[in-house]
Amino acid sequence: MNEKICKLLELYKAGKLGGEKMPEDENPGLDIHSRENYLYFTLPMALNYQRNSYKLWESANQTHKDNADCFLPECVVKIPLVELRENLLKYKTALQPEIWKTLCTTIHEQFDNDIRNLFIQEHFSVFRIKKHINENKSAFPYLSGKKILNYWLFVMEKYTDVKFFDRENITVAPDTHVIQASCKLGIIDESEKLLPNVQDIVSERWENILSETEYCPIDIHTPLWLWSRGKFEINI
Numbered sequence: 218m219n220e221k222i223c224k225l226l227e228l229y230k231a232g233k234l235g236g237e238k239m240p241e242d243e244n245p246g247l248d249i250h251s252r253e254n255y256l257y258f259t260l261p262m263a264l265n266y267q268r269n270s271y272k273l274w275e276s277a278n279q280t281h282k283d284n285a286d287c288f289l290p291e292c293v294v295k296i297p298l299v300e301l302r303e304n305l306l307k308y309k310t311a312l313q314p315e316i317w318k319t320l321c322t323t324i325h326e327q328f329d330n331d332i333r334n335l336f337i338q339e340h341f342s343v344f345r346i347k348k349h350i351n352e353n354k355s356a357f358p359y360l361s362g363k364k365i366l367n368y369w370l371f372v373m374e375k376y377t378d379v380k381f382f383d384r385e386n387i388t389v390a391p392d393t394h395v396i397q398a399s400c401k402l403g404i405i406d407e408s409e410k411l412l413p414n415v416q417d418i419v420s421e422r423w424e425n426i427l428s429e430t431e432y433c434p435i436d437i438h439t440p441l442w443l444w445s446r447g448k449f450e451i452n453i
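Take 218 as the starting number for the sequence shown in this note's numbering and just add one per residue.
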């Protein structure tokens with residue numbers, strides 16, 4: 218790793234990039250071992266596309282406090298879409314309730330209302346979980362996206378009790394902030410930033426850079442995200 222990356226990681230560990238409260242810290246404080254906790258950190262994740270992450274999770278937490286049944290697949294599949302739309306729009310959690318409904322239907326029909334069963338089925342292998350979701354994209358709308366899928370698995374690690382044995386396969390989640398910070402560090406150049414496959418390029422570069430280090434690719438995500446969100450006010 219070059220000196221700039223090392224410095225970024227040092228600043229992050231020292232708390233100098235911010236991040237005292239991350240978006241997902243806005244949650245109802247459920248038992249980390251519980252099915253409900255896994256579902257809470259799964260369903261809103263599929264909506265984290267071109268949204269302010271802090272506002273999304275604030276809305277999700279408000280919805281959960283007001284109507285926790287919206288997070289239970291066995292309840293959602295019985296709710297008419299019109300009613301579900303009203304419940305999810307009350308706090309602006311989901312502008313596309315169809316995504317929520319589809320995900321709940323998948324979890325209900327394929328995993329007995331418990332997303333943990335996907336992890337058990339795939340032997341807690343990131344590689345196998347990602348393969349399953351990518352081969353069944355229509356059953357996992359938006360959650361199957363390159364950015365969201367990897368970030369979801371990272372959040373699962375952080376906010377639940379799941380342990381993946383091959384966490385090195387959680388690649389950096391290449392959202393806008395990560396892409397901008399990668400460019401700022403010279404991992405990609407300005408012309409590559411404009412390419413339609415920039416997410417793939419960023420992910421591959423970080424995998425290569427961190428392959429012989431103590432870090433997994435996803436470990437660089439939060440430092441990059443915070444640095445970019447802070448408008449690169451800290452020089453590296």
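Backbone N, C-alpha and C fix where the C-beta goes; we use that ideal spot for every residue, glycine too.
Length of the line joining the Cα atoms of residue i and residue j
i, j, result
"S420", "F382", "20 Å"
"V415", "I365", "15 Å"
"K282", "R384", "32 Å"
"F449", "P358", "33 Å"
"D436", "Q279", "29 Å"
"E237", "Y229", "11 Å"
"S445", "C433", "20 Å"
"F341", "E300", "35 Å"
"K307", "Q267", "20 Å"
"L273", "R252", "21 Å"
Nearest candidate by alpha-carbon position, reference residue i, set the options
i, options, result
"T310", "A285, Q327 and T377", "A285"
"E379", "I437, P261 and V343", "First, the amino acid is wrong: residue 379 is Val here, not Glu. Here the closest residue by C-alpha is V343."
"E326", "K307, P290 and P358", "P290"
"D331", "V299, N254 and K354", "N254"
"K295", "Q279, Y308, T322 and R446", "T322"
"P261", "D248, E275 and S251", "E275"
"R422", "G403, L411 and Y308", "G403"
"S270", "D242, H250 and R252", "D242"
"K363", "L427, A356, N351 and E374", "N351"
"N265", "H250, I249, Q313 and E227", "Q313"
"N219", "F341, R252, N425 and S445", "N425"
"N353", "V299, I337, I324 and E374", "I324"
"N168", "R252, K401 and E409", "Residue 168 cannot be examined here, being either before or after the span of the chain that is shown, 218 to 453."
"S206", "S408, L273 and K318", "The structure shown does not extend to residue 206, since the chain is modelled only from 218 through 453, so no value can be given for it."
Beta-carbon gap between residue i and residue j smaller than 7 Å
i, j, result
"I387", "L370", "yes"
"N304", "C287", "yes"
"L225", "P413", "no"
"F328", "L320", "no"
"R333", "E339", "no"
"G235", "G447", "yes"
"E409", "I418", "yes"
Counted within 10 angstroms of its Cβ, other Cβ atoms place residue i as buried (16 or more) or exposed
i, result
"T393", "exposed"
"Q480", "Since the first and last residues shown for the chain are 218 and 453, residue 480 lies out of range."
"C223", "exposed"
"H438", "buried"
"T430", "exposed"
"K347", "buried"
"L298", "exposed"
"I249", "exposed"
Nearest-angstrom Cβ-Cβ length linking residue i and residue j, presumed shorter than 8 Å
i, j, result
"P240", "Y257", "The Cβ separation is near 13 Å, so there is no contact."
"Y376", "A390", "Between A390 and Y376 the Cβ distance is about 15 Å, and since that is not below 8 Å, they are no contact."
"W442", "V395", "6 Å"
"A263", "I316", "5 Å"
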